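Notes for the one structure printed next.
Chains as they are written, first to last, in our numbering: chain A, 32 to 413; chain B, 20 to 364.
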């Protein structure tokens with residue numbers, strides 16, 4: 032097979048004003064102490080108030096049509112907003128999942144009632160979603176999920192356990208992948224469906240899982256006979272795999288797969304630019320970032336054109352997440368500063384935060400080995 | 020350029036090149052490229068070029084790199100043609116090369132100039148009719164077109180066995196009309212090396228595509244343990260990494276060319292592309308060889324035509340440390356502007 036080629040695109044010039052507005056807002060927030068920059072702020076920076084402030088500006092759900100509280104903007108506008116927020120290390124974790132994938136999935140697969148019920152709240156930065164995909168025995172092998180739903184009058188009763196569920200303890204709903212008919216080894220991807228599970232419903236138990244940073248972002252979500260009404264089924268019963276795959280294309284190629292540790296580079300820049308070694312490092316990392324950004328923009332353009340650049344998205348995520356990790360260790364080597372997890376907002380604190388978050392970058396959203404498998408299958412044509 | 024235009028131009032160039040030939044100089048390929056009009060694409064039409072942007076030239080260089088074509092494409096279009104364009108002069112016929120010369124002695128005589136001195140490691144000198152030199156002159160600079168007939172040429176090579184010859188001129192006569200003073204030469208030598216390094220990067224992106232295509236083909240054909248190499252997960256992981264690197268290298272040079280076509284004053288993307296491409300070159304060559312096993316390490320197998328070029332081109336016109344340094348300095352010297360603002364504009 033020919034090389035899966037991405038052709039570098041550029042963001043439309045008309046978004047420059049939007050970019051400037053976001054920068055101005057962030058500068059004001061920083062001055063007024065609205066947030067403290069940190070790495071991996073789309074997982075580790077949960078701030079519901081900050082999300083509401085973004086929602087008031089129209090910077091969440093920007094791509095939703097106006098009748099659902101969005102701005103009807105194209106995906107490149109969302110790209111600009113997202114990358115500015117991430118580069119600044121702003122706390123965007125609260126609304127991230129809803130804005131990136133749950134909202135767009137509801138828009139694409141949901142009923143009119145569901146769109147009206149969920150999308151305006153997401154766009155206001157008030158309604159948060161969690162991802163209910165992974166399970167104790169279904170990590171990279173997502174098709175082996177065991178959470179099962181049984182048909183009852185007016186809906187389904189769901190039982191099972193989801194893990195690594197970021198911010199389920201704050202989120203209002205969890206877009207949950209469940210088995211609605213028994214597993215068939217010959218057709219592993221059949222019989223799966225997506226439910227919008229209300230996390231306040233009876234039978235939902237949320238247990239914290241602490242990360243190596245000591246922070247509580249992850250959860251184990253145990254569902255015991257949770258009733259899910261028919262109007263909380265997303266899309267078509269049995270089409271869960273196709274719907275989830277579509278969700279993953281959004282999940283894999285965005286700026287958050289490149290920029291998770293960028294705030295460290297910006298914070299280290301004054302110190303690095305004083306030495307020749309430091310300037311060389313800035314040159315090397317900037318070249319990598321600049322290239323990855325061009326690739327990510329190209330994938331966004333493909334998605335916008337209605338294509339499914341699965342292979343290209345996998346390549347961007349593989350390269351991008353390894354870059355995020357490489358940046359941390361390269362900067363640490365050049366700085367000679369001891370990382371300190373308690374020194375919030377200082378270089379030592381940002382470095383510590385980045386180090387402790389870094390192992391997750393190449394795991395979440397599909398491990399890099401799985402992603403390379405996706406690429407390899409396409410290139411060897413098997 | 021849109022995707023279709025890029026693909027058509029790429030295929031036209033590869034079409035006239037054929038399969039990668041042995042090392043050496045391929046004059047028949049150069050003539051064929053001249054016939055389809057792609058040897059001087061980025062040179063203005065007034066100067067005898069194609070009047071196209073850097074993007075089109077980049078596509079040609081990628082295509083040439085992918086088949087390891089041994090022709091002076093960077094030297095003619097990106098360097099010699101560009102220098103002459105800058106001085107308002109026309110591109111002479113014949114095969115051209117170009118270099119920056121620092122230690123020349125240039126003296127006026129009745130009907131022209133006498134040029135003396137040595138220029139080292141001039142690409143393709145033994146195959147070229149003329150070399151276009153950028154040289155200091157009387158406190159300023161000049162662009163001088165030197166005929167190579169009669170010059171003393173000491174052959175040398177790079178690690179891909181491409182000619183990199185030392186040229187010694189002894190009171191070599193250059194007609195008056197072939198020396199052009201440059202009004203404002205500020206940074207011209209730096210521009211030259213940036214364009215040259217970028218041209219090599221575009222060729223490297225092409226060579227990486229070539230390595231990728233060969234590796235995928237070989238992994239599908241070669242059987243061990245009763246199945247093709249491509250069925251082994253360890254090999255698949257390597258192929259995926261190779262694909263990602265070759266794609267990144269290609270995007271880097273294409274993005275840089277189109278950025279500079281839009282805003283020629285902001286030319287650091289050329290350096291960024293060169294840095295990213297050189298990072299990938301090592302990985303691409305290593306995986307290419309690892310997948311091919313011992314046969315790819317032999318002179319009879321054409322893989323080395325691509326990998327030796329990756330290694331050779333990466334070190335020409337400044338190494339990785341040089342370009343990382345220049346790019347890092349360029350992106351951070353402005354006070355009050357964040358690195359992020361510099362990168363995103």
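All C-beta atoms in this analysis are idealised placements derived from N, C-alpha and C, irrespective of residue type, glycine included. These figures come from a predicted structure and were not determined experimentally.
Neighbour-count burial assignment, residue i, 16 or more Cβ in a 10 Å radius
{"i": "residue 94 (chain B)", "result": "buried"}
{"i": "residue 228 (chain A)", "result": "buried"}
{"i": "residue 136 (chain A)", "result": "buried"}
{"i": "residue 342 (chain B)", "result": "buried"}
{"i": "residue 282 (chain A)", "result": "buried"}
{"i": "residue 360 (chain A)", "result": "exposed"}
{"i": "residue 333 (chain A)", "result": "buried"}
{"i": "residue 344 (chain B)", "result": "buried"}
{"i": "residue 257 (chain B)", "result": "buried"}
{"i": "residue 314 (chain B)", "result": "exposed"}
{"i": "residue 56 (chain A)", "result": "buried"}
{"i": "residue 340 (chain A)", "result": "buried"}
{"i": "residue 250 (chain A)", "result": "buried"}
{"i": "residue 128 (chain B)", "result": "exposed"}
Enclosing alpha helix (DSSP H) for residue i [first to last residue]
{"i": "residue 347 (chain A)", "result": "341-366"}
{"i": "residue 302 (chain A)", "result": "293-303"}
{"i": "residue 51 (chain A)", "result": "47-62"}
{"i": "residue 273 (chain B)", "result": "252-281"}
{"i": "residue 104 (chain B)", "result": "100-106"}
{"i": "residue 222 (chain B)", "result": "207-240"}
{"i": "residue 110 (chain A)", "result": "106-118"}
{"i": "residue 158 (chain A)", "result": "It is not in any alpha helix (DSSP H) - residue 158 (chain A) carries neither H nor E in the DSSP assignment."}
{"i": "residue 193 (chain A)", "result": "Per DSSP, residue 193 (chain A) belongs to no alpha helix (DSSP H); it is in the beta strand (DSSP E), 186-193."}
Residue j beta carbon less than 8 Å from that of residue i
{"i": "residue 138 (chain A)", "j": "residue 95 (chain A)", "result": "yes"}
{"i": "residue 153 (chain A)", "j": "residue 184 (chain A)", "result": "no"}
{"i": "residue 45 (chain B)", "j": "residue 89 (chain B)", "result": "yes"}
{"i": "residue 100 (chain B)", "j": "residue 149 (chain B)", "result": "no"}
{"i": "residue 162 (chain B)", "j": "residue 83 (chain B)", "result": "no"}
{"i": "residue 266 (chain B)", "j": "residue 35 (chain A)", "result": "yes"}
{"i": "residue 348 (chain A)", "j": "residue 295 (chain A)", "result": "no"}
{"i": "residue 189 (chain A)", "j": "residue 257 (chain A)", "result": "yes"}
{"i": "residue 262 (chain B)", "j": "residue 411 (chain A)", "result": "no"}
{"i": "residue 314 (chain A)", "j": "residue 131 (chain B)", "result": "no"}
{"i": "residue 40 (chain A)", "j": "residue 329 (chain A)", "result": "yes"}
{"i": "residue 200 (chain A)", "j": "residue 125 (chain A)", "result": "no"}
{"i": "residue 123 (chain A)", "j": "residue 76 (chain A)", "result": "yes"}
{"i": "residue 42 (chain A)", "j": "residue 110 (chain A)", "result": "yes"}
{"i": "residue 232 (chain A)", "j": "residue 312 (chain A)", "result": "no"}
{"i": "residue 358 (chain A)", "j": "residue 292 (chain A)", "result": "yes"}
Rounded straight-line distance, which links the Cα of residue j to that of residue i
{"i": "residue 361 (chain B)", "j": "residue 222 (chain B)", "result": "27 Å"}
{"i": "residue 165 (chain B)", "j": "residue 116 (chain A)", "result": "55 Å"}
{"i": "residue 80 (chain B)", "j": "residue 162 (chain A)", "result": "45 Å"}
{"i": "residue 364 (chain B)", "j": "residue 140 (chain B)", "result": "38 Å"}
{"i": "residue 191 (chain A)", "j": "residue 79 (chain A)", "result": "28 Å"}
{"i": "residue 331 (chain A)", "j": "residue 73 (chain B)", "result": "25 Å"}
{"i": "residue 125 (chain B)", "j": "residue 108 (chain A)", "result": "57 Å"}
{"i": "residue 399 (chain A)", "j": "residue 405 (chain A)", "result": "10 Å"}
{"i": "residue 97 (chain B)", "j": "residue 77 (chain B)", "result": "10 Å"}
{"i": "residue 215 (chain B)", "j": "residue 178 (chain B)", "result": "18 Å"}
{"i": "residue 223 (chain A)", "j": "residue 70 (chain A)", "result": "35 Å"}
{"i": "residue 290 (chain B)", "j": "residue 181 (chain A)", "result": "60 Å"}
{"i": "residue 66 (chain A)", "j": "residue 119 (chain A)", "result": "10 Å"}
{"i": "residue 267 (chain A)", "j": "residue 212 (chain A)", "result": "13 Å"}
{"i": "residue 259 (chain A)", "j": "residue 235 (chain A)", "result": "11 Å"}
{"i": "residue 318 (chain A)", "j": "residue 27 (chain B)", "result": "29 Å"}
{"i": "residue 286 (chain A)", "j": "residue 385 (chain A)", "result": "17 Å"}
Continuous beta strand (DSSP E) stretch holding residue i: start and end
{"i": "residue 127 (chain B)", "result": "124-128"}
{"i": "residue 199 (chain B)", "result": "198-201"}
{"i": "residue 184 (chain B)", "result": "183-194"}
{"i": "residue 142 (chain B)", "result": "131-142"}
{"i": "residue 119 (chain B)", "result": "115-119"}
Residues that residue i contacts on chain C, provided the C-beta gap is smaller than 8 Å
{"i": "residue 228 (chain B)", "result": "Note that chain C does not occur in the displayed structure, where the protein chains are A and B."}
Note to self: Please list, in chain order, the residues of the region 234-263 of chain B that have any C-beta partner in chain A closer than 9 Å.
What the structure shows: Taken in chain order, the members of the region 234-263 of chain B whose beta-carbon sits within less than 9 Å of a beta-carbon on chain A are 235, 238, 239, 247, 249, 250, 252, 254, 255, 256, 257, 258, 259, 260, 261, 262, 263.
Check: For the region 392-404 of chain A, which residues have a beta carbon sitting closer than 7 Å to at least one beta carbon of chain B?
Finding: 400, 403, 404
Note to self: Beta carbons nearer than 7 Å to chain A: which residues of the region 329-341 of chain B have them?
What the structure shows: 340
Next item on the list: Please list the residues of the region 325-359 of chain A that have a C-beta atom closer than 7 Å to any C-beta atom in chain B, keeping them in chain order.
Entry: 325, 326, 329, 346, 349, 350
Margin query: Closer than 7 Å between beta carbons: that is the criterion. Which residues of the region 160-177 of chain B meet it against chain A?
Written below: Listed by position along the chain: nothing, the set is empty.
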